[in-house]
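Asks:
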Amino acid sequence: MDKGRIKNVDIPYIEMVNSADELAAKNMNDFGVIFIGGGNTFKLLHELKASGAFEKIKEYLNSEGVVFGGSAGAIIFGKDLEACKLDDANEVNLSDINGFDLLDGASILCHYTNRTAEEDEKARQYLLEVPKHRRVVALPEEVTLFINGENLEVIGNRPYFLFENGAIITQNEE
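Read in our numbering, the sequence shown has 79 at position 79, and its numbers run on one by one without any break.
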């Protein structure tokens, strides 16, 4: 990372929140940015919803708050968790797998094309089946989606893929 790019950014304080319950107790407007990390996506969404943090994050986003999600923390911003069943087991028996739906009905899968060749092919076949009734944006680790209101910007140096109606209908390259 080029530290010169951020050396003049004033970051007065970073607060680490370790659970959804702790996050739910916070005043979201006290934060300039919220980062949500990875792990089991079903467990993460379950904890956010059970604690009330899911609704607080939704309000924060509606008030122009900034949230950055990595891996599971990104997947929850899609329509639902259907695509991530490839990688995560629903060990918490989450029945409401709906996410924040910030991509106009598309689900998100992370780490796409960052697996072994065999795992990538398994993922491709899985995604060709899943989107027969939904859309899935499959992102490699080197790609970030930046959603700003109605605008979507793709940041990264690798292609990303859109699966819909049993086909790969879009492959965008920078």
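Each residue gets a CB set at the ideal place from its N, CA and C atoms; glycine is no exception. Bear in mind the structure is a predicted one, so any value in this text is a computation, not a measurement.
Hey, could you find the ends of the beta strand (DSSP E) Y160 is sitting in?
Replies: For the purposes of this step, residue 160 is identified with residue 160 of the sequence shown, where counting begins at 1. Residues 160-164.
Asks: Does DSSP put L139 in a helix, in a strand, or in coil?
Replies: Mapped onto the sequence shown, residue 139 falls at position 139. The answer is coil: DSSP assigns L139 none of H, G, I, E or B.
Asks: Just list the residues that DSSP pairs A106 with in beta bridges.
Replies: Against the sequence shown, residue 106 aligns to sequence position 106. R135.
Asks: Report the three-state DSSP secondary structure of T113 (helix, strand or coil).
Replies: Position 113 of the sequence shown, counted from the first residue, corresponds to residue 113. DSSP places T113 in coil when its eight states are reduced to three.
Asks: Quick check on the DSSP output: the beta strand (DSSP E) that includes L44 runs from which residue to which?
Replies: For the purposes of this step, residue 44 is taken as the residue at position 44 of the sequence shown. Under the DSSP assignment, L44 falls outside any beta strand (DSSP E), being part of the alpha helix (DSSP H) whose first and last residues are 41-51.
Asks: Tell me the DSSP secondary structure of G156 in three-state form.
Replies: As a position in the sequence shown, residue 156 is number 156, starting the count at 1. Reduced to three states, the DSSP call for G156 is strand.
Asks: So which of N157, K7, M28, V9 has the shortest CA-CA distance to N62?
Replies: Position 62 of the sequence shown, counting from 1, holds the residue named residue 62. Minimum Cα distance to N62 is reached at M28.
Asks: By the DSSP assignment, the beta strand (DSSP E) with G69 in it spans what residues?
Replies: Taking the sequence shown and counting its residues from 1, one reaches residue 69 at position 69. 66-69 is the span of the beta strand (DSSP E), which, as asked, contains G69.
Asks: Straight-line CA distance for N40 to I76?
Replies: Translated into positions along the sequence shown, residue 40 becomes position 40. Translated into positions along the sequence shown, residue 76 becomes position 76. Taking the straight line from one Cα to the other gives about 11 Å.
Asks: Please list, in chain order, all residues of the same chain as G32 whose beta carbon is under 8 Å from its beta carbon, the five residues on each side excluded.
Replies: Here residue 32 refers to the residue found at position 32 of the sequence shown. Within the same chain, G32 has close Cβ partners V66.
Asks: Go through its chain and collect everything with a Cβ distance to M1's Cβ below 6 Å, but skip five positions before and after it.
Replies: Residue numbering aside, residue 1 sits at position 1 when the sequence shown is read from its first letter. Residue placement at M1 cannot be trusted, given a pLDDT of 47 that sits under 50; what the coordinates show is reported in the next sentence. So the list is empty, once near-sequence residues are dropped.
Asks: Between which two residues does the beta strand (DSSP E) holding I36 run?
Replies: The count along the sequence shown starts at 1 and reaches residue 36 at position 36. First-last of the beta strand (DSSP E) with I36: 33-36.
Asks: Assuming contact is defined by CB atoms lying nearer than 9 Å, are S158 and P140 in contact in what I supplied?
Replies: As a working note, residue 158 is residue 158 in the sequence shown. As a working note, residue 140 is residue 140 in the sequence shown. With the sequence shown as reference, residue 158 is identified as Arg, and Ser is not the correct amino acid for it. Contact flag set, yes.
Asks: State yes or no: is the C-beta of L94 within less than 9 Å of the C-beta of A72?
Replies: Counted from its first residue, the sequence shown places residue 94 at position 94. Counted from its first residue, the sequence shown places residue 72 at position 72. No, they are not a contact pair.
Asks: Could you round the C-beta distance between I180 and T170 to whole angstroms and report it? I think they count as a contact, below 8 Å.
Replies: No answer is possible for residue 180: the residues shown for the chain start at 1 and end at 174.
Asks: If I'm right that K56 touches A89 with Cβ under 8 Å, what's the distance once you round it to whole angstroms?
Replies: Reading the sequence shown from its first residue, position 56 is the one you call residue 56. Reading the sequence shown from its first residue, position 89 is the one you call residue 89. K56 to A89, Cβ: 27 Å. No contact.
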